[in-house]
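In the working numbering, the protein residues as written are 4 to 195. Think of the CB as a built atom: it goes at the ideal place given N, C-alpha and C, for glycine as much as any other residue. Shown next, in structure tokens, is the structure this report addresses.
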């Protein structure tokens, strides 16, 4: 099997996403078992994608001189904090509530969900590193423009890395979770 670490893979092999071929992405929403939980899961992922992209865009605007420092700093601090908290909370719910239920549905899912949990560890490390670089960036606003530029470059590189990991992870997670809910029904993972 190829290297499946999040920072080196470009998708999941069919052995892990064994239901993907039976439930193509473009047919998910029209499937009889596509319900509120599947829809909510995709909405949360779409929100994470959108929020991450917005943070990246606003940082690029600031670094290119198209946004004044005061406006940027306020939008950045609030937006990044909300994004990181939402991401961390979402992964906590998955790890402690949903992933164990998916594992119990079918032993073939265990390896896929172990991989997703390993992703969460790597993403959490990236989340902490991003917060650290963001704090240094915010502190640099009181220094000269060279220090601010360097801190901005360092933050942007770390944030871009985190977003790349997250985008790969979200797509892979959807390739496991949504087909599983379509196959087994949402009640199999939502009922206590």
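Backbone CA spacing between residue i and residue j [nearest angstrom]
{"i": "residue 93", "j": "residue 148", "result": "36 angstroms"}
{"i": "residue 145", "j": "residue 75", "result": "14 angstroms"}
{"i": "residue 96", "j": "residue 143", "result": "35 angstroms"}
{"i": "residue 156", "j": "residue 24", "result": "41 angstroms"}
Close beta carbons around residue i, own chain, < 8 angstroms, minus the five adjacent residues each side
{"i": "residue 121", "result": "8 and 9"}
{"i": "residue 64", "result": "70 and 75"}
Neighbourhood of residue i by C-beta, 7 angstroms cutoff - its chain only, sequence neighbours within 5 removed
{"i": "residue 21", "result": "111"}
{"i": "residue 189", "result": "36, 38, 40 and 41"}
Own chain residues within Cβ distance below 6 angstroms of residue i, not counting five before or after
{"i": "residue 31", "result": "37 and 181"}
{"i": "residue 41", "result": "181 and 184"}
Residue closest to residue i, alpha-carbon to alpha-carbon, out of the options
{"i": "residue 160", "options": "133, 61 and 78", "result": "133"}
{"i": "residue 16", "options": "186, 187 and 178", "result": "178"}
{"i": "residue 167", "options": "109, 14 and 25", "result": "14"}
{"i": "residue 89", "options": "58, 51 and 151", "result": "51"}
{"i": "residue 169", "options": "56, 43 and 33", "result": "56"}
{"i": "residue 44", "options": "126, 162 and 102", "result": "102"}
The ligand GTP heavy atom lying under 7 angstroms from the CB of residue i
{"i": "residue 68", "result": "With respect to the ligand GTP, the structure offers nothing, as it holds no ligand at all."}
Which residue spans inside the stretch 22-101 form an unbroken alpha helix (DSSP H) run of at least 4? Along the stretch 22-101, the alpha helix (DSSP H) occurs as fully enclosed runs of 4 or more residues at 39-66 and 72-96, listed in sequence order.
Which parts of the stretch 128-164 are runs of the alpha helix (DSSP H), unbroken and 4 residues or longer, counting only runs that do not cross its ends? DSSP assignment within the stretch 128-164 yields no whole alpha helix (DSSP H) run of 4 residues or more.
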